[in-house]
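**Student:**
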Amino acid sequence: MSSTTLAPDLAARMEASRRELDAWTREVVEWHFNPDTGTPFWLEYAKTLDWDPRREIQGYADLDRFGNFQDEWLRGGPVRRWVPKGYAGRPVYTFETGGSTGVPKSRISIDDFRIDYEAFSATLPDDAFPKGADWLSVGPTGPRRLRLAVEHLAQHRGGICFLVDLDPRWVIKLIKMGELGMMERYKQHVIDQALTLLRAHDNIQCLFTTPKLLEALCEKVSLKKIGIKGVFCGGTEMTPQFCRFATEELLDGVYFAPTYGNTLMGLAVHKPLTPENGYAIVYYPPSPRAMIEVVDPEQPNRIVGYGETGRVRLTTLTKEFFMPRFLERDEAEREEPYEKYPWDGVRNVRPFRKLSTSVVEGVY
Amino acid sequence: MIHIPVLRRGVPYRSVEIARTVHHRTREPFVEISQANSGLIRRDLLDQETAARNLAQFKVADLIAICRRAAPLFLEGTLPLGGQPQTPQQYVEQLSATTGMPHVMVRRNMQKIHGVMAEMESVLTGLTRNLDLGILDTGHGSVEGHAVSYFPRGRSLGVVLPNNSPGVHSLWIPAFALKTPLILKPGSAEPWTPYRIVAALVEAGAPPEAFSLYPADHAGAGEILRNTGRGMLFGDVSATRAWGGDPRIELHGPGYSKVVLGEDCADDWEKFLDVMVESIVANGGRSCVNASGVWTPRHGDAIAAALAERLARIQPKPADDETAAIAPFADPSVARRISAMIDGGLDEPGASDLSAPLRGERLVEFQGCSYLLPTVVRCASPDHGMANREFLFPFVSVVEAPQAAMPEVLGPTLVVTALSADRAFQAKLLASPLVGRLNFGPIPTIRISWDQPHEGNLFDHLYARRAFQSAYAAD
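Chain order of the listed sequences is H and V. At position 179 of the first sequence the residue is numbered 181 (this note's numbering), and the sequence of numbers has no breaks. At position 404 of the second sequence the residue is numbered 442 (this note's numbering), and the sequence of numbers has no breaks.
1. Show which residues of chain V have a CB atom less than 7 Å away from the CB atom of THR241 of chain H.
2. Assuming GLY300 of chain V and PHE463 of chain V make a contact with CB atoms under 8 Å, what is their CB distance in whole Å?
3. Between which two residues does the beta strand (DSSP E) carrying GLU399 of chain V extend?
4. For GLY312 of chain H, go through chain V and note every residue whose CB falls closer than 9 Å to its CB, in chain order.
5. So which residues of chain V does ARG246 of chain H contact, with C-beta pairs closer than 7 Å?
6. Can SER325 of chain V and SER203 of chain V be called in contact, C-beta distance under 8 Å?
7. Hey, would you say PHE97 of chain H sits closer than 8 Å to PRO145 of chain H, going by beta carbons?
8. Taking C-alpha atoms, which residue in H:LEU269, H:GLU310, H:GLY160, H:TYR47 lies nearest to ARG291 of chain H?
9. Where MET148 of chain V and VAL105 of chain H are concerned, what is the direct C-alpha to C-alpha distance, given to the nearest angstrom?
10. In angstroms with no decimal places, state the Cα-to-Cα distance between HIS290 of chain V and MET270 of chain V.
11. Taking 8 Å as the CB-CB cut-off, is THR6 of chain H touching chain V?
12. Are there 16 or more other CB atoms within 10 angstroms of the CB of ARG349 of chain H, so buried, or fewer, so exposed?
13. Listed from N- to C-terminal order along the chain, which residues in the region 204-234 of chain H have their beta-carbon within a distance smaller than 9 Å of any beta-carbon of chain V?
14. For ARG12 of chain V, collect the residues of the same chain with a Cβ closer than 8 Å to its Cβ; drop the 5 residues on either side in sequence, then sort them by chain order.
15. Relative to the alpha-carbon of SER458 of chain V, which residue among V:MET155, V:PRO480, V:PRO440, V:GLY260 has its alpha-carbon at the smallest distance?
16. In whole angstroms, give me the CA-to-CA distance for VAL362 of chain H and ASP369 of chain V.
17. On the premise that PHE214 of chain V lies in contact with LEU101 of chain V, defined as a C-beta separation below 8 Å, what is that separation, rounded to the nearest angstrom?
18. Compute the beta-carbon to beta-carbon distance between LYS231 of chain H and ALA156 of chain H, rounded to the nearest angstrom, for a pair I have assumed lies under 8 Å.
19. Quick one: residues in its chain with C-beta nearer than 8 Å to the C-beta of TRP75 of chain H, no 5 flanking neighbours on either side, listed in chain order?
20. Near ARG46 of chain V, what residues of its chain come up, given a Cβ to Cβ distance below 7 Å and the 5 sequence neighbours on each side ignored?
21. Which runs of the beta strand (DSSP E) spanning at least 3 residues fall entirely within the region 47-104 of chain V, listed in chain order?
22. Whole alpha helix (DSSP H) runs in the region 132-175 of chain V with 4 or more residues, listed along the chain?
23. Using 10 angstroms around the beta-carbon of TYR510 of chain V, count the other beta-carbons present and answer buried if the total reaches 16, otherwise exposed.
24. Since GLU341 of chain H meets chain V, which of its residues come closer than 9 Å, beta carbon to beta carbon?
25. Tell me whether the region 183-202 of chain H and the region 55-64 of chain V touch, counting them as touching only if at least three CB pairs, one residue from each stretch, are closer than 8 Å.
26. Compare the C-alpha of HIS546 of chain V against each of V:CYS417, V:PRO356, V:ALA505 and name the closest.
27. Looking only at its own chain, which residues have a Cβ that is under 8 Å from the Cβ of THR359 of chain H, when we skip the five neighbours before and after it?
28. Could you please give the first and the last residue of the uninterrupted beta strand (DSSP E) stretch that includes GLN124 of chain V?
29. Near PRO344 of chain H, what residues of its chain come up, given a Cβ to Cβ distance below 7 Å and the 5 sequence neighbours on each side ignored?
30. What separation, rounded to the nearest whole angstrom, lies between the Cα atoms of ASP305 of chain V and ASN426 of chain V?
31. By how many angstroms is the C-alpha of ARG336 of chain H removed from the C-alpha of THR311 of chain H?
32. So, is the C-beta of GLU278 of chain H closer than 8 Å to a C-beta in chain V?
33. What's the gap between the Cα of ASP118 of chain H and the Cα of GLY61 of chain H?
34. Are the beta-carbon atoms belonging to PHE189 of chain V and TYR501 of chain V less than 8 Å from one another?
35. Nearest chain H C-beta to GLY196 of chain V closer than 8 Å, yes or no?
36. Strictly by DSSP, which residues pair up with ILE42 of chain V?
Right under this line is the structure:
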């Protein structure tokens, strides 16, 4: 399918989604830049502009006028400058991303994680993630949104979520120190706890974990035999080969739902994996609350053609958090809209490739 | 396009993750190589027992016979490669296409590999110090009236392989004859040789499950080394440093091999010029056993000038030219960066590129490929930053140092060719832990006898001896 041969109904749905996105953009900008409801950071920022965002941002494309969101703005305080006045007095969470060295990026949240995961819940099949079944989440907790989000997902579906923590910052430190043996032992420590819970609680039928921990769990146990029906997997990069390996060799028929999400965006949904398309991992953002686009790394305002590779650019549009045109450290191919998600998606997200500058010295 | 699959215990597997290696000249994709994800490698390695048990059922004598039958197949046979037949000539051309190595050098390396397979019995005799190999079949036996027992130290040997020269593959082949299944990670530009060796061995009767080949990234290589009982790693300084403290892993890093003249031979240096040149240039300077240093108590200037004059005759030639002596760089940016690194080193006072006036530019283009022309650097002091360096082309530093300071001043050196009949000096070299292989007399550093250990003895790496007594009568 090319963009010039879209089915008429898909074209109409794309048009409708675009209109919805434009309207939502106006609403979100109005909220964040209104002196009564706005976010202190953006109200201050607006003073540096010689144009009025509330008047001049009339659609999603107009967000280019802000230039690229700088991730440094999210490092350090005061974190309250990100809390919209319209939400004064509400309980506020702060979630962190990265942070193995230096000051982590922080994003405030009130209800966004619940809204995102409830929307995501609607995409999960009930036979694989039965309502009322309990969950086990084996992965990052601490300052990360993932813990509360997965727990809320379980609760939203009538389940109770058991938790095993993994501290990714410690794992990164162990790798940097060359302590790979210690890293293995730490991973085993996490897996041992997960196995104990799986064996002790018969109603755990749904699992969230990261790709590496999924591999490690499946080295020890058949998830199917122990009662798991669906695996929701995310947290780090996944390759098509990993998805094929998970589907064909690790899971023995257990449903596999790979996801792409982060603290700044929310949670994308994936197109079903099939051998026919090489297990390509295609994600669609939760439009209009966030958009993912693929742009030319040299000209970040130019969106590349369908199928072309570029840098991932994220725009988050919620009343809790406004983040226009943020350049991720990822690259991907731009994917066509399709029936279920009539807006752009991304294919095979992976770390943004950097040219190696090291010189191998010596002959061996 | 040719596709090379993963081999999982001998069974081909086509990955959805494909690496495309380019032809060094055209820069067009030349071969597709299936990549194994690290989880897949890990999962396969959960069961190393089956292959080890199957291989243990063969007698060492049977495995030696398989190697002997495989030798001519490797050299002359048409063997399967990714479901297609591969003739010896195709192998030569394919290897040359992705690495740049001239055909004549590929053929010489084929001969080397053929020799190891054909002479496996003698190789094992050397490695085991003439042990009755039947003892490895029964697990115990008697040597000169003493009970001995050997046991394998791991269920398989994991090997992370390099791209630089196919000859290095000779180092792991004896593991098969020593009943050890192989878990190989081929180099990204040189999958050809390990696949062809495995194909020849299987064609000759080896059980396919004894061989796994996992083209993979660094993470995959790490999984192999972490999860096999014994390992072997070919890599640069930083790669080998990461595994330096792990006794399970035999490291093959840069060699820093040298030709060393003693006081008694230094005045006769001209007689040894051919040995020096061959040590530096053979195999295009791409081996860890190539000399990257000539160390002498005196006449450094004259030796360097003479070497520069001899090496300046070497020019790039087409890949199929039988007199080709140097290889282009498959990645031109690597050649540029190495040349810049050498120029940077020469900025430090006390060293000069004696080849420059004779040769012109070091980095040249020939038929669309980047070459580094042979380079002789004269260093005034052993402490100079360029005195002990090694690069992937004919490069040598000529350094003056008093004999009394050797071998300590040489630093760790894989091969020393010592041109000296001085018994006291020889004794010092023999006693030194810094010297890996030692040649006395005019033997080029590059000349390898495969029944000798190389950076560790493979037999000692794979087997350990235990104390053993038996009250039962022998079978």
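Cβ coordinates follow ideal geometry from the N, Cα and C atoms, glycine included. A quick note: this is a predicted structure, and the numbers were derived from the prediction, not measured.
**Tutor:** From the atom records:
1. Using a Cβ-Cβ cut-off of 7 Å, THR241 of chain H is close to GLU55, ASN75 of chain V, given in chain order.
2. Between PHE463 of chain V and GLY300 of chain V the Cβ distance is about 5 Å, and since that is below 8 Å, they are a contact.
3. Here GLU399 of chain V belongs to no beta strand (DSSP E), and DSSP marks it neither H nor E.
4. What GLY312 of chain H touches in chain V: nothing, since even the nearest Cβ is about 20 Å away.
5. Within 7 Å Cβ-Cβ: VAL54.
6. Going by C-beta atoms, SER325 of chain V is nearer than 8 Å to SER203 of chain V.
7. PRO145 of chain H is positioned such that its CB atom lies closer than 8 Å to that of PHE97 of chain H.
8. Checking every option, the nearest Cα to that of ARG291 of chain H belongs to H:LEU269.
9. Looking at the two C-alpha atoms, the distance is approximately 56 Å.
10. So the two alpha carbons sit approximately 7 Å from each other.
11. Confidence is the limiting factor: at THR6 of chain H the pLDDT is only 49, short of 50, which leaves the residue's position unreliable, though a coordinate-based value still follows. No, THR6 of chain H does not count as interfacial toward chain V.
12. Under this definition ARG349 of chain H is a buried residue.
13. For the region 204-234 of chain H, residues whose beta-carbon sits nearer than 9 Å to a beta-carbon of chain V comprise PRO213, LYS214, LEU216, GLU217, ALA218, CYS220, GLU221.
14. This structure cannot speak to residue 12 of chain V, because chain V is shown only from 39 to 513.
15. With distances taken between Cα atoms, SER458 of chain V lies closest to V:PRO480.
16. Because the pLDDT at VAL362 of chain H is just 48, under 50, the model does not fix this residue reliably, and the value given afterwards should be weighed accordingly. Computed Cα separation, rounded: 12 Å.
17. Your pair LEU101 of chain V and PHE214 of chain V checks out as a contact, with CB atoms roughly 6 Å apart and the cut at 8 Å.
18. Contact flag wrong, Cβ pair sits at about 14 Å.
19. Same-chain partners within the cutoff: PHE43.
20. Correct list, in chain order: ASP82, SER250.
21. If we require 3 residues or more, the beta strand (DSSP E) runs fully inside the region 47-104 of chain V come out as 49-51, 56-60, 67-72.
22. Counting whole runs of 4 or more residues, the region 132-175 of chain V contains the alpha helix (DSSP H) stretches 141-156, 158-166.
23. It counts as exposed.
24. Within chain V, no residue has its CB atom less than 9 Å from the CB of GLU341 of chain H, the nearest being about 25 Å off.
25. Touching, no, given that fewer than three Cβ pairs across the two stretches are closer than 8 Å.
26. One cannot answer for residue 546 of chain V here, as it falls past the ends of chain V, which runs 39 to 513.
27. Reliability of the predicted coordinates at THR359 of chain H is poor, the pLDDT of 40 falling under 50, and the value obtained from them is presented with this limitation in mind. Nothing meets the Cβ criterion.
28. Where GLN124 of chain V is concerned, the enclosing beta strand (DSSP E) stretches over 122-124.
29. Once the five neighbours on either side are set aside, the close Cβ partners of PRO344 of chain H are LEU12, ARG15, MET16, SER19.
30. A straight-line Cα-Cα distance of about 23 Å links ASP305 of chain V and ASN426 of chain V.
31. For THR311 of chain H and ARG336 of chain H, the distance between alpha carbons rounds to 7 Å.
32. Not closer than 8 Å to any Cβ of chain V, the Cβ of GLU278 of chain H fails to qualify, so no.
33. Computed Cα separation, rounded: 23 Å.
34. It is a contact, given that the beta carbons lie within the stated cut-off.
35. Not closer than 8 Å to any Cβ of chain H, the Cβ of GLY196 of chain V fails to qualify, so no.
36. In the DSSP output, where bridge partners are listed per residue, ILE42 of chain V has V:ILE71.
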